[in-house]
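Going down the list, the protein sequences come from chains A and B.
Following my numbering, the numbering of the first sequence begins with 436 at its first residue and continues without gaps.
Following my numbering, the numbering of the second sequence begins with 218 at its first residue and continues without gaps.
Beta carbons: idealized from backbone N, C-alpha and C, even for Gly.
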Amino acid sequence: NAGVTQTPKFQVLKTGQSMTLQCAQDMNHNSMYWYRQDPGMGLRLIYYSASEGTTDKGEVPDGYNVSRLKKQNFLLGLESAAPSQTSVYFCASSYLRQTGGNNSPLHFGNGTRLTVT
Amino acid sequence: QKEVEQDPGPLSVPEGAIVSLNCTYSNSAFQYFMWYRQYSRKGPELLMYTYSSGNKEDGRFTAQVDKSSKYISLFIRDSQPSDSATYLCASGGGADGLTFGKGTHLIIQP
Chain A
436 NAGVTQTPKF QVLKTGQSMT LQCAQDMNHN SMYWYRQDPG MGLRLIYYSA SEGTTDKGEV
496 PDGYNVSRLK KQNFLLGLES AAPSQTSVYF CASSYLRQTG GNNSPLHFGN GTRLTVT
Chain B
218 QKEVEQDPGP LSVPEGAIVS LNCTYSNSAF QYFMWYRQYS RKGPELLMYT YSSGNKEDGR
278 FTAQVDKSSK YISLFIRDSQ PSDSATYLCA SGGGADGLTF GKGTHLIIQP
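Given below as structure tokens:
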């Protein structure tokens, strides 16, 4: 049972380069999320997708874009990487979107460690 | 002020001790509460989930919520070195979805 799979596991970019982080889930979850985790800052939501074809900004969306063309996949793009985007990126999914009375727990992947030099 | 506050630690205790991990939250709209465990270089994994005030027990783990004081606790009995990890509390039910604390780093000394 794979759960949430993130690729690549590690990546080093030079400032200005672009890349796409990939996330796939096999739990038939409706909602997917991208977080970044930095020392002393905790998990911060970048973007989320309540359902296939929809996306919304989270707490720290600047410098990122996302795509949810298929229910099982959620892509995070960095158009022009900056050193401030050095972080560990986690993808997560849940059966329902986390709002109001919906209380579906999040299931996380094991992260992509990105360094921008 | 963050909506979910957690002491970052590290908290170091000897093997076999009872561990108490705590969070406070400020948003009265929060209705459900979770604890995640995160091992080094891994993603967070759901450990406990509770929807109301009171206690919920699962093996050596007990989650406790006091909505009147907005206080969340996780107790670990008979702690093991394998419990060494970062523990994240999370609260949800408001308009913005799930809010995470920054995590407490726990070290169980053999």
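| message | Rounding to the nearest angstrom, what Cα-Cα distance links Tyr-482 (chain A) and Tyr-468 (chain A) in this structure? | response | 6 Å
| query | For Gly-271 (chain B), which residues of its own chain have a beta-carbon under 8 Å away from its beta-carbon, when the five flanking residues on both sides are left out? | reply | Gln-281 and Val-282
| field | Residue range of the unbroken beta strand (DSSP E) whose run includes Asn-239 (chain B) | value | 236–242
| query | Quick one: is Phe-445 (chain A) near chain B, going by C-beta distance under 8 Å? | reply | no
| Where the region 260–283 of chain B meets chain A: residues whose CB sits under 9 Å from a CB there | So the close ones are Gly-260, Pro-261, Glu-262, Leu-263, Tyr-266 and Tyr-268.
| task | List the endpoints of the continuous beta strand (DSSP E) containing Arg-479 (chain A). | result | 477–484
| query | What span of residues does the beta strand (DSSP E) with Gln-452 (chain A) cover, start to end? | reply | Unbroken run through Gln-452 (chain A): none, as it is neither H nor E.
| field | CA-to-CA distance, Asn-239 (chain B) to Ile-324 (chain B), given in whole angstroms | value | 15 Å
| What residues from chain A crowd round Phe-337 (chain B), counting only those whose CB sits closer than 7 Å? | Nothing about residue 337 (chain B) can be reported from this structure: the residues present for chain B run from 218 to 327 only.
| So does the region 445–461 of chain A actually touch the region 220–227 of chain B, counting three or more Cβ pairs closer than 8 Å? | no
| When the Cβ atoms of the region 487–503 of chain A are set against those of the region 240–249 of chain B, are three or more pairs found closer than 8 Å? | no
| query | What is the rounded straight-line gap between the Cα of Thr-547 (chain A) and the Cα of Ser-290 (chain B)? | reply | Whole-angstrom Cα-Cα distance: 30 Å.
| message | Is there a C-beta anywhere in chain B that falls below 8 Å from the one on Asn-545 (chain A)? | response | yes
| said: Measuring only the C-alpha atoms, how far is Arg-641 (chain A) from Lys-284 (chain B)? | reply: This structure does not reach residue 641 (chain A), given that chain A is present from 436 up to 552, and the question cannot be answered.
| task | Tell me, please, whether the CB atom of Gly-226 (chain B) is closer than 8 Å to any CB atom in chain A? | result | Chain A contact via Cβ: absent.
| Sequence-distant residues of the same chain with beta carbon closer than 8 Å to Asp-491 (chain A), five excluded per side | Sequence-distant partners of Asp-491 (chain A) (beyond 5 residues in either direction) whose C-beta falls short of 8 Å from its own C-beta, in its chain, are Tyr-482, Tyr-483, Ser-484 and Ala-485.
| field | From B:Tyr-288, B:Val-230, B:Glu-262 and B:Thr-279, residue whose alpha carbon lies closest to that of Leu-328 (chain B) | value | An answer regarding residue 328 (chain B) cannot be provided, because it is not within the stretch 218 to 327 covered by chain B.
| Strand pairing of Pro-231 (chain B), partner residues [DSSP] | B:Gln-326
| In chain A, which residues lie less than 7 Å from Gly-320 (chain B) when you measure between Cβ atoms? | Gly-477
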